Every structure is written in structure tokens, then in C-alpha cells.
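J.:
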Amino acid sequence: MPQSVDDTPFGSEREAVIWRQDELKDLERLLRQLRFDLVNNQDARGAAPRLAELQEKATQAHLLPAFIAGTHGRGSDAKPEIWEEWDDFSAGFVDLEEKVGVLIDAAEQEDYRAATRAFSEVGLSCRSCHRAYRYD
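Shown next, in the form of C-alpha cells:
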């Protein structure tokens, strides 16, 4: 867990908070686009660049540095439980990475039924973390 902004690539705590909020919103938009590509259009080739982006960004290595200890409260959707339960919080990203891997495998095999199921699992992973660690 990053203890201070000095342990991160960010210039300030506020910058980290804004960045993580933007990144998570971008992931949400990316998943909506991928659902359209894979579930509605059944176009795995067209989805390939977005799948690669998802695999890169939906990781603890990409996102956890922005969760600097104490960056909850006003202006942040994050609950303090993130840092009190850091191991569980970071394990949620491991779960997300695994489920994204299943989605990518299904897309690469052009198994659109499996991709639809994988989308549901990715969504459940996101929602379980949001329920526990994000203010609505």
C-alpha cells in the first residue's frame, strides 16, 4: 500500500484521487464498448484492441498506486475500509484480473456465450468491491 504520494508517480494526493476516478470511469466505458462488440455484434477481432487495453488497465499494478493511504473522504468516493482491509481490497483486483482473463480467452476463441458469462463475472467482481469500498 502506498503510504504517501512520494511512493507513487503522482504529484499530489488529489492528483491520485482524480486519476483513479477517471481510470475507473474509463474502465466502465471500455466494458460497455466491449459488451457491444462481443455480445451484441459478436466481433472478437474488432474488440481485440479494447481487450488488450482492458487487460493492461484492469490490474492491481496499474490501479493500486493511486490508492494512497488516507485518500478517502471529501472529494473521494473511497471508504476508509480500503486501507483498513488492504489485503482484501487488493485481492479484489486479483479476482478482477482473473475474470478479465476468462473474458479474453472466450473472445479469442470466439465463444460468445462464454464471453457473455464472463462479462457477468467481471461485473460481479466490480460491484462486490464497489459495495464494500465505495460510497454511492
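Residue numbers (this note's numbering): 226 to 361. A virtual CB, placed ideally from N, CA and C, is assigned to each residue, including glycine. Here the structure is a predicted model, which is why all the values come from computation and not from measurement.
For my contact list, F292 and R239 are in at a C-beta cut-off of 8 Å; report their separation, rounded to the angstrom.
T.: Contact flag wrong, Cβ pair sits at about 14 Å.
J.: Could you round the C-beta distance between E322 and A283 to whole angstroms and report it? I think they count as a contact, below 8 Å.
T.: The Cβ separation is near 7 Å, so the contact holds.
J.: Among the residues of its own chain, which have a CB less than 7 Å from the CB of S315, if the five just before and after it don't count?
T.: Q285 and L289
J.: Please classify R245: does DSSP put it in a helix, a strand, or coil?
T.: helix
J.: Thinking C-alpha only, which one of V325, G300 and V264 is nearest D247?
T.: G300
J.: Mind checking who A277 pairs with in its DSSP beta bridge?
T.: DSSP output for A277 lists no bridge partner at all.
J.: Taking only three categories from DSSP, how would you classify R239?
T.: helix
J.: Leaving aside the five residues before and after L255 along the sequence, list all residues of the same chain whose C-beta is less than 7 Å from its C-beta, in chain order.
T.: R275, E278 and L279
J.: Using C-beta distances below 6 Å, list every residue in its chain close to A339, excluding the 5 sequence neighbours before and after it, in chain order.
T.: A331
J.: In its own chain, which residues sit with a C-beta less than 6 Å from the C-beta of C351, not counting the 5 before and 5 after it?
T.: none
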